[in-house]
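Below is one structure, written out as structure tokens, with a few remarks after it.
There are 4 protein chains.
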Amino acid sequence: MSHNTFGHLFRITTFGESHGPAIGVVVDGCPPGLRLTAGEIQAFLDKRRPGQSRFTTQRQEPDTVKILSGIFEDERTGGGVTTGTPIMLMIENVDQRSKDYSEIKETYRPGHADFTYDAKYGLRDYRGGGRSSARETACRVAAGAVARKVIPNVRIRGALVQMGTEHIDRKNWDDAEIDNNPFFCPDAKAAKAWEAYLDGVRKAGSSCGAVIEVTASGVPAGWGAPLYAKLDSELATAMMSINAVKGVEIGAGFGAAALSGEVNADQIRMRHGKAEFQSNHAGGILGGISTGQDVVVRFVVKPTSSILTPRQTITKSGKESDVITKGRHDPCVGIRAVPVGEAMMAIVLADQFLRHRGQVGS
Amino acid sequence: MSHNTFGHLFRITTFGESHGPAIGVVVDGCPPGLRLTAGEIQAFLDKRRPGQSRFTTQRQEPDTVKILSGIFEDERTGGGVTTGTPIMLMIENVDQRSKDYSEIKETYRPGHADFTYDAKYGLRDYRGGGRSSARETACRVAAGAVARKVIPNVRIRGALVQMGTEHIDRKNWDDAEIDNNPFFCPDAKAAKAWEAYLDGVRKAGSSCGAVIEVTASGVPAGWGAPLYAKLDSELATAMMSINAVKGVEIGAGFGAAALSGEVNADQIRMRHGKAEFQSNHAGGILGGISTGQDVVVRFVVKPTSSILTPRQTITKSGKESDVITKGRHDPCVGIRAVPVGEAMMAIVLADQFLRHRGQVGS
Amino acid sequence: MSHNTFGHLFRITTFGESHGPAIGVVVDGCPPGLRLTAGEIQAFLDKRRPGQSRFTTQRQEPDTVKILSGIFEDERTGGGVTTGTPIMLMIENVDQRSKDYSEIKETYRPGHADFTYDAKYGLRDYRGGGRSSARETACRVAAGAVARKVIPNVRIRGALVQMGTEHIDRKNWDDAEIDNNPFFCPDAKAAKAWEAYLDGVRKAGSSCGAVIEVTASGVPAGWGAPLYAKLDSELATAMMSINAVKGVEIGAGFGAAALSGEVNADQIRMRHGKAEFQSNHAGGILGGISTGQDVVVRFVVKPTSSILTPRQTITKSGKESDVITKGRHDPCVGIRAVPVGEAMMAIVLADQFLRHRGQVGS
Amino acid sequence: MSHNTFGHLFRITTFGESHGPAIGVVVDGCPPGLRLTAGEIQAFLDKRRPGQSRFTTQRQEPDTVKILSGIFEDERTGGGVTTGTPIMLMIENVDQRSKDYSEIKETYRPGHADFTYDAKYGLRDYRGGGRSSARETACRVAAGAVARKVIPNVRIRGALVQMGTEHIDRKNWDDAEIDNNPFFCPDAKAAKAWEAYLDGVRKAGSSCGAVIEVTASGVPAGWGAPLYAKLDSELATAMMSINAVKGVEIGAGFGAAALSGEVNADQIRMRHGKAEFQSNHAGGILGGISTGQDVVVRFVVKPTSSILTPRQTITKSGKESDVITKGRHDPCVGIRAVPVGEAMMAIVLADQFLRHRGQVGS
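Protein chains in written order, with numbering that gives the first Met the number 0: chain A, 0 to 361; chain B, 0 to 361; chain C, 0 to 361; chain D, 0 to 361.
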């Protein structure tokens with residue numbers, strides 16, 4: 000994988016900065032003959048789009064996707080189908096307001112990539128974070144919509160399970176609640192409490208982190224591979240490649256350290272002629288290969304560093320300074336990471352499916 | 000990356016099963032002109048080797064490495080130097096005892112890869128876990144010794160920070176203690192207590208998990224890349240590709256969820272004409288690129304499923320059964336993962352260094 | 000390399016069909032800090048653009064390139080510079096005339112990719128050849144303009160050395176003539192004769208093939224690598240990946256079969272303190288690595304199959320049929336392949352340079 | 000592809016120098032469940048082995064292959080089968096005679112890689128050419144034997160069609176003759192004449208080049224891909240990656256330049272309900288994708304530079320010198336390239352088959 004490409008047989012290559020004319024993604028290796036419309040992709044982008052509640056940035060980006068290649072309008076099928084050639088999805092930037100950022104041109108915001116981009120490249124596009132902006136995740140969501148078409152029997156569901164210091168109560172988990180609140184929270188009671196909590200964070204000009212859990216159901220046993228292409232290893236790199244993510248775990252994850260081998264190893268029984276695991280500490284993956292259970296991954300999004308409290312920093316020329324980040328920001332960027340995590344799950348699984356089919360034949 | 004290859008410019012390809020004639024690794028892309036001897040590699044292998052205390056498997060493998068290619072004995076330099084061509088490192092298997100495994104030939108051990116290998120490939124080499132055996136990690140350690148030569152100014156140090164339910168006290172951290180106990184534990188007091196704890200686990204025929212922390216000092220600011228080649232993303236896939244690892248985090252990691260943006264963002268001051276961060280929640284990485292601080296990664300190793308308590312499972316032919324795992328196993332496989340984690344850190348950094356030098360020139 | 004990506008550290012990913020809204024290329028891995036303007040890229044595209052003489056297709060495509068990302072307008076430098084992030088270059092399609100192609104929707108044109116695309120994908124975008132159109136080569140030319148910036152001391156020059164049955168006389172070679180005729184022909188006398196020759200071909204509704212020679216001067220000794228990344232091997236795949244190319248050779252090429260070892264091996268003398276080869280049968284490459292001499296590659300472009308003589312073929316539904324290709328086509332597509340070959344040379348060398356610098360350090 | 004790895008889903012990684020302890024290849028991505036024995040691989044190696052007639056080097060290498068991993072002896076199937084994990088094939092070097100090479104330690108042999116390896120790496124393993132030795136091709140032949148198992152319905156046949164200045168007469172082509180002479184020559188009459196011709200070359204201490212043609216029958220329509228993964232493009236890089244190869248062509252190849260579009264485009268008729276091409280100028284590939292006809296590739300091997308006539312050269316320290324190459328060499332190394340070309344054809348096709356199956360599903 001190069002800097003801006005992810006995947007092997009199903010591959011995405013993204014481009015674009017926060018404040019350039021457009022961002023986009025080239026999806027290569029998609030199987031031919033899949034029906035795909037811009038509207039289907041747009042539905043996923045709309046879930047990620049900012050400005051939908053008071054809890055996300057007020058930046059107004061319609062994030063309208065255009066399909067520039069790889070789909071053929073076939074009159075016989077009455078709609079667009081993939082041709083097997085690269086699918087280019089473009090999203091034009093419309094609400095750029097470059098002037099908001101002029102004052103941080105010389106100043107490194109703590110917790111941002113300003114310092115490191117300059118250290119690496121000797122220059123940076125400081126407008127809206129340039130390439131380091133979370134806008135890039137819109138490309139992932141668009142590509143994820145294509146990936147879902149490749150694995151139609153897999154159902155992927157993301158949810159926020161922790162916001163700042165607040166956790167859900169897993170006893171209250173209800174998938175149907177996830178779309179009923181502005182947090183993708185599966186616990187209706189927690190979601191209610193989180194409104195006040197996040198209002199407090201927002202009004203203080205502060206921010207908080209979050210933990211997202213993404214589950215894929217319907218993955219057959221056998222996808223993945225040993226070692227360097229372990230399904231868990233590829234999910235780890237996929238999730239950790241999202242902006243602001245600083246940790247990834249599968250199944251019992253870090254909790255497994257404190258479990259005994261007796262508890263952690265999922266026992267197996269037969270049911271209706273098939274293997275049935277009695278628990279899922281493995282998160283649906285053993286030896287890097289799917290077990291047929293739900294694939295479960297969690298990742299943590301750090302609190303955004305765009306806050307209103309002055310923080311100590313330095314300038315490009317080496318002067319000490321203080322900085323606050325004005326402008327329109329998310330008090331909890333983790334919320335909008337939920338559809339992004341779903342997309343990355345879809346992309347990893349689509350790629351693993353195609354590679355499995357290539358090597359093993361079905 | 001393919002199933003058995005890791006890295007881009009500095010690449011490793013491993014092969015071999017637990018009970019075949021040998022395992023090994025081809026290291027490709029190593030810069031020329033580096034002095035390297037088998038003895039230097041052996042020193043790292045010896046740290047990983049089993050059977051050195053009562054706390055690791057009693058399997059006796061000398062794990063003697065042979066260099067089969069890529070090193071030239073130059074009389075002018077008076078020793079072996081890398082030539083820039085592939086370095087092949089081979090370790091012969093000597094203590095195989097295949098008969099130990101005959102009874103699990105048809106039975107899927109819970110928590111092991113038996114079930115999933117069969118699901119994927121339709122067959123498996125059941126002797127000692129075949130390709131899924133932790134013996135593969137010896138190849139990583141050998142390759143890591145080469146990687147360290149590529150980045151001589153970087154110091155890499157791994158340590159066990161949690162064993163089962165027991166944690167170290169970070170106030171007691173002393174690097175010098177790490178090699179003074181059989182656990183790679185930096186806290187002498189904790190190490191003492193862990194002896195009794197792990198004896199208990201071992202005598203019960205049980206097992207426990209562990210958390211390993213690996214730190215790299217001396218990494219200059221600027222290594223890594225945005226997005227899909229983020230330094231944190233590559234560390235995540237590197238660590239998660241190790242057998243039994245189920246979670247990876249960078250810096251504050253999952254703890255960052257509960258931090259405020261004010262606390263999490265590391266402030267910067269000038270010191271001796273250089274940027275100095277006031278804390279290291281970022282784990283030495285911002286925007287996927289190194290900051291010049293210590294790079295800090297932690298990963299969790301699940302408790303091995305090779306335990307003496309009978310567990311419910313099924314056979315290849317779909318019959319319900321119980322299984323216990325006899326033979327020689329580690330009560331805490333996480334201990335021997337410490338040098339493996341160090342090696343993967345070295346491999347990721349060596350590869351990122353070469354790619355950085357390729358793109359940016361120094 | 001995947002289907003639509005070429006290169007390792009310097010990588011291009013192209014997308015787009017002949018009759019979609021746009022084609023384009025994402026250039027990833029470009030070093031930062033290089034000045035680059037759309038005008039500089041446009042100059043190379045203009046050389047490839049059709050409709051500039053009666054000897055190329057009359058399709059009118061302005062082929063105007065837009066830079067959508069990866070370039071930052073820096074007021075201090077007074078112009079655009081590369082940032083090290085992906086450079087997206089887009090060319091909108093304006094002269095599509097889809098209806099021209101309606102009749103070949105069901106009929107496989109001999110010598111075209113119609114039959115094989117259907118065999119592979121089960122469907123195809125038949126408008127203008129879809130993805131198999133030579134329009135894709137505009138993306139290569141645009142990317143090549145970026146690549147040249149990476150290797151500013153290398154001078155790349157392509158020329159047509161054979162058109163149909165007609166050859167140049169190498170004694171007449173004059174670089175200055177190449178841009179003085181519509182054929183990129185270095186032999187003024189031959190160029191004159193070729194006008195009548197190609198008029199004959201064109202008026203007969205026929206077509207002819209061509210051989211292109213591309214030379215790179217100023218490549219230092221040491222670029223390239225042994226075996227699977229041999230400089231000649233990468234030039235071979237680069238040139239053969241261009242539409243309609245069916246052969247590639249380096250230096251003496253196929254002629255080397257009939258040479259003796261004495262003649263073929265280029266002798267070496269010292270001159271001004273440096274190695275100087277006495278001939279260049281090796282085409283500037285020994286053991287896959289550049290010698291410091293001119294790198295010389297030749298490739299053959301087959302005659303286009305878009306001709307006015309009816310040819311036997313079959314339809315998608317398996318009926319026998321005859322077909323002629325109406326519309327606007329090139330009697331000798333090889334002419335426009337000259338700037339494409341130059342671009343691929345630049346891309347291969349830029350990528351090899353960065354990889355060499357990564358491994359060896361300068 | 001890195002320096003020493005070739006392929007995508009079916010991948011080979013080779014290592015080893017001419018005079019080290021061993022050479023070998025790791026074959027990754029092979030489908031599971033294929034029967035494979037060392038004897039089957041050995042049969043192909045024996046075709047390439049030197050010292051079998053007076054026309055090849057008298058170096059005596061048994062080239063005995065050992066399988067170190069990836070094959071499981073399954074008592075139920077009564078033989079070894081692939082497991083889907085990496086297959087490591089090792090060939091020990093036994094006839095090394097390092098002292099033969101001591102005098103060329105400081106002297107660059109013209110036409111060899113001595114000069115360029117030093118230019119790139121600053122040092123080289125001068126014993127027998129080190130990594131640049133043609134011994135590496137034994138690894139390709141071994142891997143090719145595995146690749147053939149992946150595509151059992153494809154028949155691959157290589158032949159020498161030109162030796163030095165001598166050509167076969169295609170009217171005399173008889174596949175059955177290829178193994179009846181020491182040249183893999185399909186024309187019995189030519190083979191007879193070549194004996195005297197090559198004896199002349201050999202006795203003069205000279206060498207000559209050769210052209211090899213490799214044909215694959217039974218490749219279904221649909222393998223390959225557009226553009227950068229064109230089947231012809233991958234065959235080009237595969238063949239050009241072989242030592243001493245300086246040109247590759249597909250089907251009509253360079254001859255296509257002089258053909259008209261009418262002649263070059265292969266017409267299609269129906270026969271027994273299937274498409275049947277009336278000629279094969281395309282070499283079985285259109286638009287980068289197989290047509291179902293024979294896939295035909297030719298490549299040229301330059302005359303070896305190991306000759307007995309003194310040639311002008313320089314030393315490592317920049318002194319002018321003359322050199323002759325003593326020792327045991329091939330007057331026509333192209334002969335032994337025949338099984339190597341077959342192996343690379345098998346490897347490319349196996350990889351393309353798996354990738355096709357991955358994307359398209361059958």
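Quick reminder that beta carbons are idealized off the backbone N, C-alpha and C, glycines included.
This structure is a prediction, so every number in the text was calculated from the model and none was measured.
May I ask you to report which of helix, strand or coil DSSP gives Thr36 of chain C?
Working through the third sequence from its first residue, we reach residue 36 of chain C at position 37. Thr36 of chain C falls in the coil class under three-state DSSP.
Are the CB atoms of Ser320 of chain B and Thr115 of chain B within a distance shorter than 8 Å?
As a first step, residue 115 of chain B is located in the second sequence; it is residue number 116 there, counting from the start. As a first step, residue 320 of chain B is located in the second sequence; it is residue number 321 there, counting from the start. Cβ atoms of Thr115 of chain B and Ser320 of chain B: not closer than 8 Å.
Separation of Phe298 of chain B from Glu165 of chain B, as counted between CA atoms:
The residue given as residue 165 of chain B occupies position 166 in the second sequence. The residue given as residue 298 of chain B occupies position 299 in the second sequence. About 16 Å.
Starting from the Cα of Arg356 of chain A, find the closest Cα among A:Gly333, A:Glu275, A:Ala224, A:Thr324 and give me that residue.
The sequence position of residue 356 of chain A within the first sequence is 357, counting from 1. For Arg356 of chain A, the nearest C-alpha among the options comes from A:Ala224.
Under 7 Å between beta-carbons, which chain A residues line up against Asn3 of chain B? List them in chain order, please.
If you number the second sequence from 1, residue 3 of chain B lands on position 4. Here the neighbours are Leu226, Tyr227.
Closer than 8 Å by beta-carbon distance: list the chain B residues that pair up with Arg356 of chain C, in chain order.
As a first step, residue 356 of chain C is located in the third sequence; it is residue number 357 there, counting from the start. Residues of chain B passing the Cβ test: Arg356, Gly357, Gly360.
What are the start and end residues of the alpha helix (DSSP H) that includes Gly143 of chain C?
By 1-based counting over the third sequence, the position of residue 143 of chain C is 144. Gly143 of chain C -> alpha helix (DSSP H) spans 135 to 149.
Closest to Gly32 of chain D by C-alpha separation, out of B:Ser68, B:Asp124, B:Pro31, would be which residue?
Here residue 32 of chain D refers to the residue found at position 33 of the fourth sequence. Measuring from the Cα of Gly32 of chain D, the nearest candidate turns out to be B:Asp124.
Member of C:Asp178, C:Ile66, C:Ile70, C:Thr136 whose CA lies at the smallest distance from the CA of Ser17 of chain C:
In the third sequence, residue 17 of chain C corresponds to position 18, counting from 1. It is C:Thr136 whose Cα lies nearest to the Cα of Ser17 of chain C.
Chain B contacts from the stretch 123 to 152 of chain D (Cβ-Cβ distance under 8 Å)
Arg123, Asp124, Gly129, Arg130
Selection from B:Cys138, B:Leu258, B:Lys170 that minimises the alpha carbon distance to Gly340 of chain B
In the second sequence, counting from the first residue as 1, residue 340 of chain B sits at position 341. Minimum Cα distance to Gly340 of chain B is reached at B:Cys138.
Boundaries of the beta strand (DSSP E) in which Arg362 of chain A is found, first to last residue
There is simply no residue 362 of chain A to check, as chain A begins at 0 and stops at 361 in what is shown.
CA nearest to the CA of Ala203 of chain A, picked from A:Gly360, A:His328, A:Val244:
Counted from its first residue, the first sequence places residue 203 of chain A at position 204. Residue A:His328 is the option with its Cα nearest to Ala203 of chain A.
Beta-carbon neighbours of Thr84 of chain B, restricted to chain C and to distances below 7 Å
For this step, residue 84 of chain B is matched to residue 85 along the second sequence. Under the 7 Å cutoff, chain C gives Pro225.
Helix, strand or coil at Met0 of chain B according to DSSP, with G and I counted as helix
Within the second sequence, residue 0 of chain B is the residue found at index 1, counting from 1. Caution is warranted here: a pLDDT of 49 is assigned to Met0 of chain B, below 50, making its placement in the model unreliable, and no coordinate value can be reported.
Evaluate Met0 of chain C with the Cβ neighbour count: other Cβ atoms within 10 Å of its Cβ, from every protein chain shown; 16 or more gives buried, anything less gives exposed.
As a working mapping, residue 0 of chain C is identified with position 1 in the third sequence. Note that Met0 of chain C has pLDDT 48, beneath the 50 cutoff, so the model's placement of it is unreliable and no number is given.
Three-state secondary structure (DSSP) at Ser259 of chain C?
The count along the third sequence starts at 1 and reaches residue 259 of chain C at position 260. Three-state DSSP puts Ser259 of chain C in a strand.
Quick one: what's Glu72 of chain B bridged to in DSSP?
On the second sequence, position 73 is the one that residue 72 of chain B refers to. According to DSSP, which records beta bridges pairwise, Glu72 of chain B is partnered with B:Gly79.
Is any beta-carbon of chain B found at less than 8 Å from that of Pro302 of chain A?
Here the question's residue 302 of chain A lines up with position 303 in the first sequence. Output row for Pro302 of chain A: interface = yes.
Leaving out five residues on either side along the sequence, give the residues of the same chain with a beta carbon under 6 Å from the beta carbon of Ala345 of chain D.
As a working note, residue 345 of chain D is residue 346 in the fourth sequence. Only Gly143, Ala146, Arg147, Ile155 meet the Cβ criterion.
List the residues of chain D whose Cβ lies closer than 8 Å to the Cβ of Pro109 of chain C, in chain order.
One-based indexing of the third sequence puts residue 109 of chain C at position 110. Ala264, Asp265, Gln266, Ile267, listed in chain order.
Suppose you measure from the CA of Gly221 of chain A to the CA of Phe9 of chain A; what does that come to, to the nearest Å?
As a first step, residue 221 of chain A is located in the first sequence; it is residue number 222 there, counting from the start. As a first step, residue 9 of chain A is located in the first sequence; it is residue number 10 there, counting from the start. Cα to Cα, Gly221 of chain A sits roughly 18 Å from Phe9 of chain A.
Relative to the C-alpha of Asp174 of chain A, which residue among A:Gly287, A:Arg134, A:Ala215, A:Leu67 is closest?
The residue given as residue 174 of chain A occupies position 175 in the first sequence. When each option's Cα is compared against that of Asp174 of chain A, the closest is A:Ala215.
Using a C-beta to C-beta distance shorter than 8 Å, which residues of chain B count as neighbours of Arg310 of chain A?
Within the first sequence, residue 310 of chain A is the residue found at index 311, counting from 1. Those within 8 Å of Arg310 of chain A in chain B are Glu261, Ala264, Gln266.
Name the DSSP beta bridge partners of Cys207 of chain C, please?
Position 208 of the third sequence holds residue 207 of chain C. Note: Cys207 of chain C sits in a beta bridge opposite D:Ser259.
How would you call Asn92 of chain D, buried or exposed, if buried means at least 16 neighbouring beta carbons within 10 angstroms?
Within the fourth sequence, the letter at position 93 stands for residue 92 of chain D. Answer is buried; the Cβ neighbour count reaches 16.
Between which two residues does the beta strand (DSSP E) containing Lys325 of chain A stretch?
Translated into the one-based positions of the first sequence, residue 325 of chain A becomes position 326. Lys325 of chain A -> no beta strand (DSSP E), and no H or E assigned at all.
Give me the DSSP bridge partner(s) of Asp27 of chain D.
Translated into positions along the fourth sequence, residue 27 of chain D becomes position 28. Beta-bridge pairing links Asp27 of chain D to D:Arg10.
Beta-ladder partner(s) of Phe276 of chain D, from DSSP
As a position in the fourth sequence, residue 276 of chain D is number 277, starting the count at 1. DSSP, once it has assigned bridges, lists D:Ile267 as partnering Phe276 of chain D.
I'd like to know whether the C-beta of Val347 of chain C is nearer than 8 Å to at least one C-beta of chain D.
Along the third sequence, read from residue 1 onward, the residue named residue 347 of chain C stands at position 348. Not closer than 8 Å to any Cβ of chain D, the Cβ of Val347 of chain C fails to qualify, so no.
Please report the straight-line C-alpha distance between Gln161 of chain C and Lys229 of chain C, rounded to a whole angstrom.
Walking along the third sequence from the start, residue 161 of chain C turns up at place 162. Walking along the third sequence from the start, residue 229 of chain C turns up at place 230. Looking at the two C-alpha atoms, the distance is approximately 27 Å.
Beta carbon of Gly110 of chain B nearer than 8 Å to that of Ala264 of chain A
In the second sequence, counting from the first residue as 1, residue 110 of chain B sits at position 111. In the first sequence, counting from the first residue as 1, residue 264 of chain A sits at position 265. Cβ atoms of Gly110 of chain B and Ala264 of chain A: closer than 8 Å.
Residues of the stretch 15 to 36 of chain A whose Cβ lies closer than 8 Å to any Cβ of chain C, in chain order
Gly15, Glu16, Gly19, Pro20, Ala21, Ile22, Gly23, Val25, Asp27, Gly28, Pro31, Gly32
Please report how far the alpha carbon of Thr236 of chain D lies from the alpha carbon of Pro181 of chain D, in whole angstroms.
Reading the fourth sequence from its first residue, position 237 is the one you call residue 236 of chain D. Reading the fourth sequence from its first residue, position 182 is the one you call residue 181 of chain D. Distance between the alpha carbons of Thr236 of chain D and Pro181 of chain D is about 27 Å.
State the DSSP-derived secondary structure class of Leu123 of chain A, mapped to helix, strand or coil.
By one-based count along the first sequence, residue 123 of chain A stands at place 124. Inspection of the sequence shows that residue 123 of chain A is occupied by Arg rather than by Leu. Here Arg123 of chain A sits in coil by DSSP.
Is the distance from the Cβ of Gly287 of chain D to the Cβ of Val213 of chain D below 8 Å?
As a working note, residue 287 of chain D is residue 288 in the fourth sequence. As a working note, residue 213 of chain D is residue 214 in the fourth sequence. The answer is no: Cβ separation not under 8 Å.
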